Structures are given as C-alpha cells and as structure tokens.
Amino acid sequence: MRDIIESALLSAKRAGATYADVRILEREIEEISTKNGSVDALKRSFTKGFGVRVIANGAWGFASSFRLTTEEAERVAEEAVAIAKASSLTKIEDVSLAQVEIFQDTISQKVEINPFSVPVSEKISVLLESDKIMNIPGVIIRKGNMYFSKEWKTFASTEGAYIEQERIVSGAGISAIATNGKEIQIRSYPSSFGGDYQRKGFELVKNADFLKNAERVAKEAVALLSAKPCPSGVMDIVLGGSQLALQVHESAGHPTELDRVLGEEASFAGTSFLTPDKLGNFRYGSDIVNITADATIPEALGGFAYDDEGVKAKRIYLVKNGIFVGYLNSRETAKKLKLEPMGAMRAQSWNFMPIIRMTSINLEPGDKTLDELISGINRGIYMDTNRSWSIDQNRLNFQFGTEIGWEIKNGKLQDMVKNPTYTGITYEFWRSCDGIANKDFWHVWGVPNCGKGEPMQVMQVSHGVSPARFRNVKVGVLK
Amino acid sequence: MIGKTRVLELLRKVISRSEADQTEVLLLGGKSYLTGFANNYIHRNVGSENYTINIRVAFGKRVGAATANGFSEEILNKVLKDAIYIAKNQKENPDFVSFAKPSDGNGKFDESLLFSENTANCDAECRARIAKKIVDSSKKLDLNSSGTVETEIDEIAVVNSLGIEKYGVRTVASVKNIAMTEDSSGYSKFSSIDISKIEPENIIEESTDIALKGRNPVSVEPGQYEVILTPYAVAEFISHILYLSLNARAIKEGRSFLIGNFGKKLLGENITMFDDGLSSETIPFPFDFEGVNKKRVVFFEHGVAREVVYDTLTAYKEGKESTGHSLPQPSPYSPYPMNFIMEGGDSTPEEMISNVKQGLFVQRFWYTNVMDPKNAVITGMTRDGLFMIENGKITKPVMNMRFTESVISALNNVLELSKIKRIVYDMMPMTVPYLRIKEFTFTGKTEF
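Just so you know, the sequences run in chain order H and G. The number in the numbering used here is simply the position in the first sequence, starting from 1, with 4 added. The number in the numbering used here is simply the position in the second sequence, starting from 1, with 234 added.
Below, the structure written as structure tokens:
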C-alpha cells in the first residue's frame, strides 16, 4: 500500500504538482431486499482503487484507477498533473489551501455484531417475518431491505498526512404500500427510502424491532386510503423526527455548503441564499433554533474521524440562537473567506474527487415534550415520515409531502389525514419555530443517499433532531 | 478499453467455471472524464477508469448476484464464489424462470454508429479548450458561466450460459452551460456520440440569450397558465412516468395508471410516445444489460395506451419475450425505458409562442418529485429561464415558480408540439419536442 502511495505522490511532484494527495479505498457491500414474501434482490459488491488529486500550475487535477500497482500509480499521478495543467488554461487565480494540522493516525471502528459475520439466511428471515406480518388485506406491496458495508481508506498527502480509517455501516427498513385502485398510500419504518442507517453493526437491526412495528405499518397504510384528505390553509404544524431530518437536510445542510455558496455547484445543484455578507448577522430562525455540523457524534452516519483532506472531525455551529454563523467548508473555500477548515470534504469512492458534504447536521434539542408541542396548537397538523421533497436551487422555496398526518384540534391529536403537504420559504419557516422537543426525543437519522456534484456523488450524511413546532405554515397544496 | 476479444474471453471463462444451473456475466465500465467550470474558470477536472464485473447465478429458482470492480483472476473467482454463496443461501424466487434466452438476443446493428474517435480522443486539453471558448464568451458579455464538458467511453458485454454473447462499445459527449447575471440565468446543453457535432457556439447563444433577456424579473402570482415547455422542461416533467408507470414491474405491483387501461385513450390524440434503442433520434445502444436486443415499444399511440417495457424476470413469468429493457440486475427500477422518444408535431417553437395569448415560457424544471404516484402528480421549480408570453410575444422575465401538476392531465391538455426534438441526456437519453400546454398549475413562487 505504502509503495503505491509513495509512487503516486513522488510522480505527481516530479510531474510538477505543488500539492498532491492520494486516497486508496476498499469497500464491501451486502444488500438484501425482500418483496411480497420473497427475496427481490440479494447482492454483494466490492470495489477497490485509488484516486490522486493534485494542484499544478495553480489549478486542480484528479485521476483515478482500479489497477493498484506502483506503475499505475505513476501513470495516474502524471495524468492528474496533465489534467491540472489543462485546467490552468482558464485560471483566474492560483488555488490556495488553508493551513491545517497534519496527522498520522489509524482509526478502527468497534461494533457489537460484525454484520458480515451474520449469515445471510438470518438476515433474510428477519425481513420475511416482517413481510408476513404486513400481509393484510389492502396491502399490495410489502418491502424490506438491509444494507451493510465495511471499508478501509488510506489518505496520504505531500504535506505528510497518513491516515487510515475503518468504517462499518448498517441500515434497514420496512414498508407497506396499499391501494384501492385509485390511489396509493405508503407507510415505512423506521423511516422512508430504506429506513435508518448508522455506523453500527448488526445490532442496529436487532434494536429496530421490525416485528413489533410491522403490523402498525401495514394497518396505517390501509387506514390512510380511507382517511380524510389533509386540509388546506395556513395553520400550525408539528414535524416528527424523520421528516424534520429531511427539512434540516434541504433547508439548512445544503445552503450552508460553502462551495455552492461560492457558485461552484451552480451548473447542477445550484447556489445558496446564505451568501457571505449574511454570515454572522442574518436571522435564519427564531432564537431557539441552534443548528450544528458535528462529525464527532459516535455512530452517526455523517460522522468520521478525518475528512478526505485529512482535516480532523469537528463540531461547529451553523446557526446559533437563530443567527446564521457558519459554513461547511473545504481547505480551499475556507481560505477564500478566511475561515477555519472544519472538515467537510468527502468523496463517494476512490474514483471521485472530494467535495464539500454535510457531516451530521443537527437541530439541537429544546426543552419541550412532544405533548407540550401538540398541546400548544388550536388547529394544525402533526406530520411525519417523508414522502416527497422539492426545493429551489437557492434553497428558499420548499415543498414537502409526508406519508402520514394527524389533525390537531384544541391541543389534542385527532383524526388521521392522508397526503399531508406543506410549503414555505426557508428562513420564514425557521423563524416560525417556537418549540423543539427535548433530548429524550432526539435521534440521529441516517440519510444514505444525498446527491450532489458533477460527476454526481452519493453521500451518507445524518441529522440529529427531535420533533419541533412551526407556526402559520401553508399546508395542503396537493391538487 | 479492454477490447471485444479479451472481454468475451474473460466472461466465457467465468461461465466455464460456474457450477450453477445458469450463469450470467455482465461487464460494465470504461473511461469517463468531466471538466467542470464555475465563475468563468475550470474548478474541477476529473477522470476515472473503472470496470465492474456483475455475476448472477441460479440454482433452480434461487438466484444470487455479486459484483466487483476489476477483472483479475482473483476478482473473477471472488465474485463467482460470492454469487454462488448468496444463491445457495437464498430463498426461491417464484417469479424467476430463466436468464435471457438466445432467441431474445439475436439481431444485427451497425456498431460503428455507437462510437466516435473524436470523443474517445478528446483529452484534457481538448475539453479545457471547449470550456475556455464558453467562459471567454461569457466574460465578454459580463456574464458568469458554470457548466461541464463530459466524455465517456462505455464498454458493455454480456455472456450467459444459455448462449447469449454480446459486446458493445459506445461514446457519449455532453457540453453544458448556465450563463448567469446577478438576477437571471440561462441554460443550454447538447449531447452526442460525437463531440465534434456539439457546437459550443449554439450552447453559448442559447444560454447567454436567456440570461440577458432574464434580467430584472417580475413576480407573478401562482395559478393556472398556458405554458410553452422546452424539451429540457418536458423531459424533466415526463421522466417520472418512466419508472412510475411505463414498465411491467409497475403494472405487476399495481402502481401504474395503465393498469386495466390498455387499448383505452388516456392521453390526448396528439400524444405518441415510445422507446426505441436503435433509433437515430436517440443515443442508441442495441442491447440491454441481460444481453437482450432492444425492441421498439409503443407506450401511447395517439393517446391510446398500448404496451410497456419488460426484462426477462417480468416477461418470462407472463410467457412473453423480454423487450430488452433490463438494467443491471438485480434492480428495483428494472425494466426501464432507456431510449424514450415522444413524437413531435408540425410547429416551430416560434409559431407556438405566437399562438399564446397569455402564458409562460419555461426553459427548465428543477428538483421535481412525485406527490401522487398513481396519478403522476409532480411538483418542482422552474429554473434558468421563465418568461411571460403576452399576445404571442415574450414580454418580460418572471421570477421562478413552483408547479404541481399531473403528467396525465398535462398530456391531455397539449395544444401543440414542435417538429424539432432534442435529445436530453441525463444518465439516459430522452428525445422530446417543445410542448404548448393549457391550464398548467403553478402553486408557489420564490424570491428570484
């Protein structure tokens, strides 16, 4: 391994790089999905390779290969430098990186139960048992899925960094889809789009207790078919944790990515309304809104020890007491704004160049109970579990749909409602937040599929949240 | 590139070593390069070479799959061993009948139509010069450009133990620009097998023209408007029904609005949509990821629901032939229309605009998502060009708006289609015309 790294770094320097880093990554994944009583897909995948990132002629270049030999490392490093020199054709100023502490470290991850030591047949039986329980009249599709991965990554740079990190992830979820021929309703557990994911072993599956929740999930999916439609109008809402996680993701996580703020993602993901002139003075939310980026939370999917620039994981505030105070950044973007690098550069795999990604972006807990949040509403809706999402390219106008809702009348939960939706403008919405549930309700939700960048990279991130209350929100926009 | 002879030798080797009743090997990979620019300079410039071996084995109805990158002896043996382990520990899949049969895999296609030396030979400097042409033009107009120049060489091969043996190599190139001012933006993107057929000048003209005309946008109230959608907007809007409705899996799972409606008129008389992987109107490829030749599948003919796409899993269970629309298996999105084409009409885009008394011109939709899957209700934002049309003329730029509309309703309300169509390539090509649609619903607005 070290000879490949040395070959890449030396070759890059010899070819004219003023900075180079190399990442070697090996990852194994096991995915199982079941549907309607049988295994729909069961697959193991494995990937291994390396990527070399360089600055030459003051511009970036990146090349990668699956052939792990010293000769290939030399060729790829030279290709990365040639690409960087081509980049410099349009250079306006030299790329410059903020100084950071340089580390040599090895990080292994402890889990209670190694997910790869659990027989496939045991995993299948958990999903099929749940499937059986969900098989009630009205449900047309029962789904279950599990995901396990383990990876070993080595990062080294011409500045002397040499960091090895292990990462083990488990994820699982179940869902039931019901139809009456005219419409489709879905319920999921513990969250939609594949369930919940954490840096844990098979204990995540054991603790999720699918068998206990399967019947409720199926019954709720069927009940939604005959539930009344979500009312339309301006009213108060309480968002449950799994929906609020996505709200944080879209309206706090993405707009604080400094690369998109500086226009570097404009051709795909867009830009951001949180421009540098607003840093430290813009009222993003109400006084009780505190949002952190924290890669140090144990077991959080968005956590790690070092990012893909070798920057040590940190916890910083993005929003403090309602004021926008921080960005997710890289060494390059931090330097541009004279900020301290906070370690948010990550790449999907060995063949992608790192870009700024969310770590664990969290709404810090408040001081209420869920009952207290609900009891403070005369007319409103409690919504949970995301079903659809959409937000403009500056991250202002959003619209979310959830799987389920319940009317709130005179401080009490009432009838179930179907097709709940709500829409708003990001900062108006967060300014209307007047209650956040306490740490007993706080959970870090794993989001395994955040897409960003060109070429598109899918990243594992997470969001610690507890339910929260928002006033005067536009509800019910579905035709 | 690995090359046809070596690839097929490798895949045959796996087949010969397998103890399974049936074995299928897919090789998928190649080289991909992307030169990205933002703020009028190249800020990201990346390249990758990678190949993935995907092996499926079946013991009776127990099917296992495994995949790994690379093609060394060690990798081939590991993937085969993993696939066999999984299959042996697997439950029976009652829907499984067989991997692709040779009878589904015959047919000829001129492979030279898939490959361009110009694209394959466009190196980092070639890509950077295209990017430079675009950003230099933007600078002259005091605009801020952001975009990409992409090339890829894809090698795809499938061999199975039943006699399927397929190999193909394809190039694709795409160039995109978003030109921006302080308060407007304009979008343009072209894709082709041959990068020399993409004219940067056309991309510059389209994107900068919209950006310059879009300055000082006005706020318009949400409501129902007649709209002109460009092919970019049409593809983004319609793309959702490809996985929601137009495939055999959606029919089987009870999710598609076509269920029980084949032979019935569900869309407007002027709507004909099909999938044709061999058409010169798309970025073609002759076979799918199971090695089955792609067949022309007509979804709607003058509004009447006709058929959907199949892979072997969905087809053989029903005693049908696969239509050649399998994604790499196993996949929850397979089968999938990979070369969607919508028939055009007789109008020019200019004539279509001239026929609008009051409405909106939409260059592009963004971040669309499904609100109601059965009725194909989609929400999303406009982006990179929204204009008011009054009395047949574009009169003023409009701040971006949110729409919430059913694809089914919209395709019953199409008043006019353009003769020209465009290939909109985002992972897979969709070839669509401009559409003029009445009563398109906008449900919100934003601040820019």
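Backbone N, C-alpha and C fix where the C-beta goes; we use that ideal spot for every residue, glycine too. Fair warning: this is a prediction, and the values are worked out from it, not measured in the lab.
- prompt: Should G:Glu524 and G:Val392 be called a contact, given that it needs their Cβ atoms to be closer than 8 Å?
  reply: The sequence position of residue 524 of chain G within the second sequence is 290, counting from 1. The sequence position of residue 392 of chain G within the second sequence is 158, counting from 1. Yes, they are a contact pair.
Local conformation of H:Val104 per DSSP, three classes
As a first step, residue 104 of chain H is located in the first sequence; it is residue number 100 there, counting from the start. Looking at H:Val104 - three-state DSSP - the assignment turns out to be coil, as it is neither helix nor strand.
Bounding residues of the beta strand (DSSP E) (the contiguous stretch that carries G:Glu283): Start at 1 with the first residue of the second sequence, and residue 283 of chain G comes out as number 49. Tyr275 to Phe293 is the span of the beta strand (DSSP E), which, as asked, contains G:Glu283.
Under 7 Å from the C-beta of H:Met357: neighbouring residues of chain G:
Here residue 357 of chain H corresponds to residue number 353 of the first sequence, with the count starting at 1. Near H:Met357 (Cβ distances below 7 Å), the residues of chain G are Arg278 and Val280.
For this session: Would you mind sorting G:Lys431 into buried or exposed? The rule is 16 or more other CB atoms within 10 Å of its CB.
Result: As a position in the second sequence, residue 431 of chain G is number 197, starting the count at 1. Residue environment for G:Lys431: exposed (fewer than 16 other C-beta atoms within 10 angstroms of its C-beta).
**Asked** Given a threshold of 16 other Cβ atoms within 10 Å of its Cβ, counted over all protein chains shown, does H:Tyr151 qualify as buried or as exposed?
**Response** Here residue 151 of chain H refers to the residue found at position 147 when the first sequence is read from its first residue. Here H:Tyr151 is buried. Its C-beta has 16 or more other C-beta atoms within 10 Å.
* Could you list which residues in chain H have their beta carbon closer than 7 Å to that of G:Gln324, in chain order? => Here residue 324 of chain G is taken as the residue at index 90 of the second sequence, counted from 1. Residues of chain H passing the Cβ test: Val43 and Leu46.
Quiz prompt | Min CB distance H:Val315 to chain G below 8 Å | solution = Along the first sequence, one-based indexing puts residue 315 of chain H at 311. The beta carbon of H:Val315 sits no closer than 8 Å to any beta carbon of chain G.
By the 10 Å Cβ neighbour count, where 16 or more other Cβ atoms means buried, how is H:Gly41 classified, buried or exposed?
Here the question's residue 41 of chain H lines up with position 37 in the first sequence. H:Gly41 counts as exposed, since fewer than 16 other beta carbons sit within 10 angstroms of its beta carbon.
Residue burial classification, G:Met661 (beta-carbon count within 10 angstroms, cutoff 16): Here residue 661 of chain G refers to the residue found at position 427 of the second sequence. Counting Cβ neighbours within 10 Å, G:Met661 comes out exposed, since fewer than 16 surround it.
| request: My understanding is that G:Met235 touches G:Glu384, with C-beta atoms under 8 Å, so please give their C-beta distance in whole angstroms. | output: As a working mapping, residue 235 of chain G is identified with position 1 in the second sequence. As a working mapping, residue 384 of chain G is identified with position 150 in the second sequence. The pair is not a contact, with the Cβ atoms about 18 Å apart (cut-off 8 Å).
Original post:
Going along chain G, which residues have a C-beta under 7 Å from H:Trp434?
Top reply: Walking along the first sequence from the start, residue 434 of chain H turns up at place 430. Simply none; closest approach about 15 Å.
- Secondary structure at H:Ala441, three-state DSSP: helix, strand or coil? The sequence position of residue 441 of chain H within the first sequence is 437, counting from 1. In this structure, H:Ala441 counts as strand in the three-state DSSP scheme.
Given that a residue counts as buried once 16 or more other Cβ atoms are within 10 Å of its Cβ, and exposed if not, what is G:His536? By one-based count along the second sequence, residue 536 of chain G stands at place 302. By the neighbour-count rule (16 or more Cβ atoms within 10 Å), G:His536 is not buried but exposed.
Which residues, in order along the stretch 431-463 of chain H, keep a beta-carbon less than 9 Å from a beta-carbon of chain G? Among the residues of the stretch 431-463 of chain H, those with a Cβ less than 9 Å away from any Cβ of chain G are Gly457, Glu458, Pro459 and Met460, in the order of the chain.
| said: At the 8 Å Cβ level, is H:Glu105 part of the contact set with chain G, yes or no? | reply: For the purposes of this step, residue 105 of chain H is taken as residue 101 along the first sequence, with counting starting at 1. Not one beta carbon of chain G lies nearer than 8 Å to the beta carbon of H:Glu105.
- Message: Less than 8 Å between the C-beta atoms of G:Glu470 and G:Ser581, yes or no?
- Response: For the purposes of this step, residue 470 of chain G is taken as the residue at position 236 of the second sequence. For the purposes of this step, residue 581 of chain G is taken as the residue at position 347 of the second sequence. Result no, Cβ atoms of G:Glu470 and G:Ser581 do not sit closer than 8 Å.
Inset, instruction - Report the three-state DSSP secondary structure of G:Ile272 (helix, strand or coil). - result: As a working mapping, residue 272 of chain G is identified with position 38 in the second sequence. One point to set straight first is that residue 272 of chain G is Ala, not Ile, in the sequence displayed. In the three-state reduction of the DSSP assignment, G:Ala272 falls in the strand class.
What is the DSSP secondary structure of G:Ser346, counted as helix, strand or coil? Within the second sequence, residue 346 of chain G is the residue found at index 112, counting from 1. If DSSP states are grouped into helix, strand and coil, G:Ser346 belongs with the helices.
Practice item. Kindly say whether G:Gly678, judged by its beta-carbon, lies nearer than 8 Å to any beta-carbon of chain H. Key: On the second sequence, residue 678 of chain G is found 444 positions in, with the first residue counted as 1. Against chain H, the CB of G:Gly678 has a partner CB under 8 Å away; the residue lies at that interface.
#### Entry: Boundaries of the beta strand (DSSP E) in which H:Gln202 is found, first to last residue
For the purposes of this step, residue 202 of chain H is taken as the residue at position 198 of the first sequence. Note, H:Gln202: beta strand (DSSP E), Asp200 to Gln202.
ask   = At a CB-CB cut-off below 8 Å, which residues of chain H make contact with G:Val369?
value = Taking the first residue of the second sequence as position 1, residue 369 of chain G is located at position 135. Thr94, listed in chain order.
Check: Going along the chain, which residues of the stretch 442-465 of chain G sit with their C-beta nearer than 8 Å to a C-beta in chain H?
Finding: Interface annotation for the stretch 442-465 of chain G against chain H: empty, criterion Cβ-Cβ distance under 8 Å.
Please identify the residue among G:Gly402, G:Ile318 and G:Arg361 whose C-alpha is closest to the C-alpha of G:Lys238. For this step, residue 238 of chain G is matched to residue 4 along the second sequence. Nearest C-alpha to G:Lys238: G:Gly402.
Quiz item: Are H:Met362 and H:Gln247 closer than 8 Å when you measure CB to CB?
Solution: As a working note, residue 362 of chain H is residue 358 in the first sequence. As a working note, residue 247 of chain H is residue 243 in the first sequence. Not in contact: H:Met362 and H:Gln247 (Cβ atoms no closer than 8 Å).
Check: Is the beta carbon of H:Gly384 less than 8 Å from the beta carbon of H:Met239?
Finding: The count along the first sequence starts at 1 and reaches residue 384 of chain H at position 380. The count along the first sequence starts at 1 and reaches residue 239 of chain H at position 235. Going by C-beta atoms, H:Gly384 is nearer than 8 Å to H:Met239.
DSSP state of G:Cys356 mapped onto helix, strand, coil
As a position in the second sequence, residue 356 of chain G is number 122, starting the count at 1. In the structure shown, G:Cys356 adopts coil according to DSSP, grouped into three states.
Assigned exposure category for G:Lys529 - 16 Cβ within 10 Å defines buried
As a working note, residue 529 of chain G is residue 295 in the second sequence. Buried, by the Cβ-count rule.
- Message: Tell me the DSSP secondary structure of H:Ser15 in three-state form.
- Response: To locate residue 15 of chain H, count along the first sequence from 1; it is residue 11. Annotated three-state conformation of H:Ser15 is helix, per DSSP.
Exercise. Find the residues of chain G that neighbour H:Pro123, judging by a C-beta separation of less than 8 Å, and give them in chain order.
Key: The sequence position of residue 123 of chain H within the first sequence is 119, counting from 1. Those within 8 Å of H:Pro123 in chain G are Asn323.
Q.
Please report the straight-line C-alpha distance between G:Ser709 and G:Lys679, rounded to a whole angstrom.
A. It is not possible to answer for residue 709 of chain G, since the shown part of chain G is limited to 235 through 682.
Item to complete: Give the straight-line distance between the Cα atoms of H:Tyr321 and G:Ala610, rounded to the nearest whole angstrom.
Response: On the first sequence, residue 321 of chain H is found 317 positions in, with the first residue counted as 1. On the second sequence, residue 610 of chain G is found 376 positions in, with the first residue counted as 1. If you take the alpha carbons of H:Tyr321 and G:Ala610, they lie about 40 Å apart.
Query raised in the report: In whole angstroms, what is the alpha-carbon distance linking H:Gly20 and H:Leu13?
Result: Counted from its first residue, the first sequence places residue 20 of chain H at position 16. Counted from its first residue, the first sequence places residue 13 of chain H at position 9. Straight-line Cα distance between these residues: approximately 11 Å.
*asked:* Rounded to whole angstroms, what is the Cα-Cα separation between G:Ser337 and G:Val259?
replied: Your numbering for residue 337 of chain G matches position 103 in the second sequence. Your numbering for residue 259 of chain G matches position 25 in the second sequence. Distance between G:Ser337 and G:Val259, taken at the CA atoms: about 18 Å.
For a quick check, are the C-beta atoms of H:Pro459 and G:Val658 less than 8 Å apart? Your numbering for residue 459 of chain H matches position 455 in the first sequence. Your numbering for residue 658 of chain G matches position 424 in the second sequence. Result no, Cβ atoms of H:Pro459 and G:Val658 do not sit closer than 8 Å.
Check your understanding: For the 8 Å Cβ check, are there 3 or more pairs between the stretch 210-225 of chain H and the stretch 452-468 of chain H?
Key -> By the C-beta criterion, the stretch 210-225 of chain H is judged not to be in contact with the stretch 452-468 of chain H, since fewer than 3 inter-stretch pairs fall below 8 Å.
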